[in-house]
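So the sequences go chain by chain: X and H. Each step along the first sequence adds one to the number in the numbering used here, with nothing skipped, and position 106 is 106. One gets the numbering used here by counting positions in the second sequence from 1 and adding 1000 to each.
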Amino acid sequence: MKGNEAIAEAAIQAGCRHYFGYPITPQTEVAAYMAKRMPKIGGCFLQAESEIAAINMVYGVASAGHRVMTSSSSPGISLKGEGLSYMAGANLPALVVNVQRGGPGLGGIQPSQSDYNQATRGGAHGDFHLLVLAPASVQEMADLTMLGFDLADKYRMTAMILADGTMGQMMEPVEIHPREIPECDKSWALTGTKMKREHNIINSLSMDPYDLERMNVERYERYAAVERDEVRYEAYRMDDAEICVVAFGIAARVAKNAINEARGQGVKVGLIRPVTLWPFPKAPLLAAAEKCERFITVELNMGQMVDDVRLAIECRRPVDTCNRTGGVIPSAAEVYSAIMGAQKGGAAK
Amino acid sequence: MSVVFKKPHALTDAVLHYCPGCTHGIVHRLVAEAIDELGIEGRTIGVAPVGCAVFAYDYFTCDMAEAAHGRAPAVATGLKRADPSNIVFTYQGDGDLASIGTAETVHAAARNENITVIFINNAIYGMTGGQMAPTSLPGQVTQTSPYGRDVNHCGYPVRVCEMLATLDGPEYLERVAVNSVKNVRAAKKAIRKAFQNQIEGKGFSLVEVISSCPTNWGMSPVKALEWIDEKMIPYYPLGVYKDRSAGREEAK
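Okay, here's the thing in structure tokens:
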């Protein structure tokens, strides 16, 4: 199954019955899959007139208390920014998928991770975060999609799958099983009062600055719980590691090959792969800084996550970077060379 | 004594924030009366715009969503698709519906989305203090057209009903005004029909209400109502621009 299709099927199995989207490479298979499946299961697929309309249709369904999603790729996600901010302000749960391509601007259509900063900083105006999940396999495309819906409901926030074009387009075996949807209070939803309760209001406007401050502080208390309880990462060959590679998505898979090759040469190197990019796995990285003398970040961008790594390890260790951008994927040889350079105590470049 | 006039149940007790002489209050009341008469309050969800009517969510007793600027028809689409048995309406001004939200308006109409749209056209941005709107008249003086709207520089006003009437999609488009008792009664009838259409599953129904903005037009409330007759209605003629069901009936 293609990664994009795995996301779509997983969403359906997670109880999502509404999808709104707009065609853009390299994520269009999500929409195509939904267009075929949704009518057969009593769901709703609707091709919106724009990314902006799509995210606002998501806002509508989320307001009604139903599971809902949209997907896009980098330029389209920028257009969705407005809606993401309003949904954060209105505390609406939903799933948004970004199968990233190279940027800025129209950029290209090859894989990229250059929306890292956008995704992990909310991506639009105001104080807010998205819960950002970074799959590194087709199986994870499915698993994290399901998890994303659960976490979005639990914390009343938007979850984002931050994949790259490789994850969307590649095919791997995948198992997707229907699962029980956790109980979740949605008494805030717009279902019609039935003349039995006061009206519910879904809104992100507050004219009183103290009121708005209070709501933002309350939101960040929820974020603190997310940072405490929802950090996910993979540690690979880290037990005795002296060099720590940090990479997510396709970059992590490339890095693993390079690490195995370097291990063959006796280099004690391991990988920390953030699965949640926000919340970022700060504690495991800081712990790694106790033993690892050097860090290397591998990214499909000019170096964005590297800042979070430096912050996480409180700049205690040098951090090298191994980046390719514009849709180019770093090769295992390039990562290997960075590891060997780090082992000699200096940057490879 | 019998009660001959009272506040509709569908309006809350909140004090409206609108300026003296503004016609938003009248249109709010007409919408609430229609909701009451059709007995749909418990399953109605309203979508408020950005603009003067942004606080509409505090004024209607039904469930309410506040949309981003111009996006109300998309939000309404989501709400309606989530539960088609609910009655979903948007309440939008001219900047919201005919400028920043043009695409959402046109495509909701093209899809014949089964929602009701109440469109307040007062030819100005009220909330932000009186700037030129997509519906400001040629020559109209506003804060951002201080020498009068120059059509050679910034183009012509948008006639929403006429534009949408070119589409096959929408069920019902009518332009009304609320500057006289006669016009208010006609407006009420149109608004009620726009909700009735949705109940019957007929589709996209939009009522454009020519309204006044005494504050930003720089007129007394009475003079503003006269200006509607003198300037607005000649440019925006009242009437039914589309009524597909009626058309089909006539064809029989």
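Even for Gly, the Cβ is constructed at its ideal location relative to N, Cα and C.
By the 16-neighbour rule on beta-carbons within 10 angstroms, H:Thr1135 is buried. Residues of chain H with a Cβ closer than 7 Å to the Cβ of X:Asn91 do not exist; the shortest Cβ-Cβ separation is about 13 Å. For X:Met57, the nearest CB of chain H lies under 8 Å from its own CB, placing it at the interface with that chain. Proximity of H:Val1075 to chain X, defined by a Cβ-Cβ separation below 8 Å, is satisfied.
Boundaries of the beta strand (DSSP E) around X:Leu131: 131 to 133. Looking at the DSSP output, H:Thr1044 bridges to H:Ile1087.
Among the residues facing chain H, X:Lys80 is not included, as its CB has no counterpart in that chain under 8 Å away. Think of a sphere of 7 Å around the beta carbon of H:Ile1045: the chain X residues whose beta carbon falls inside it are Leu190, Gly192, in chain order. At a cut-off of 8 Å between beta carbons, X:Ser63 contacts chain H.
Contact between the stretch 216 to 233 of chain X and the stretch 1064 to 1079 of chain H is not established, with fewer than three Cβ pairs separated by less than 8 Å.
Counting every other CB atom within 10 Å of its CB across the protein chains shown gives X:Lys194 a total below 16, marking it as exposed.
The beta carbon of X:Arg232 is closer than 6 Å to those of Val275, Thr276 in its chain, skipping five residues each way along the sequence. The C-alpha of H:Ala1074 lies about 14 Å from the C-alpha of X:Leu84. Bridge pairing for X:Ile7: absent [DSSP]. Taking a contact as a CB-CB distance under 8 Å, the pair X:Tyr22 and X:Ala54 counts as one, their CB atoms being some 5 Å apart.
At a cut-off of 8 Å between beta-carbon atoms, X:Met195 makes contact with chain H. Taking a C-beta distance under 8 Å as the contact criterion, X:Ser114 and X:Thr325 qualify as a contact pair.
Non-local C-beta neighbours of X:Pro135 in its own chain, meaning closer than 6 Å and more than five positions away in sequence, comprise Met141, Leu144, Ala163, Met167, ordered along the chain. Ranked by Cα distance from X:Leu106, the first of X:Gly76, X:Pro93, X:Leu130 is X:Gly76.
Non-local C-beta neighbours of X:Ile313 in its own chain, meaning closer than 8 Å and more than five positions away in sequence, comprise Leu285, Leu286, Ala288, Ala289, Phe295, Val319, ordered along the chain. Under the 10 Å beta carbon count, H:Lys1193 is surrounded by 16 or more other beta carbons and is classified as buried. In the structure shown, X:Met207 adopts coil according to DSSP, grouped into three states. In this structure the stretch 1125 to 1139 of chain H does not touch the stretch 1059 to 1066 of chain H; the number of beta carbon pairs closer than 8 Å is below three. Contact between H:Ala1034 and H:Phe1195 is confirmed by a C-beta separation of about 5 Å, below the 8 Å threshold. At a beta-carbon threshold of 7 Å, the residues of chain H lying near X:His66 are Ala1082, ordered along the chain.
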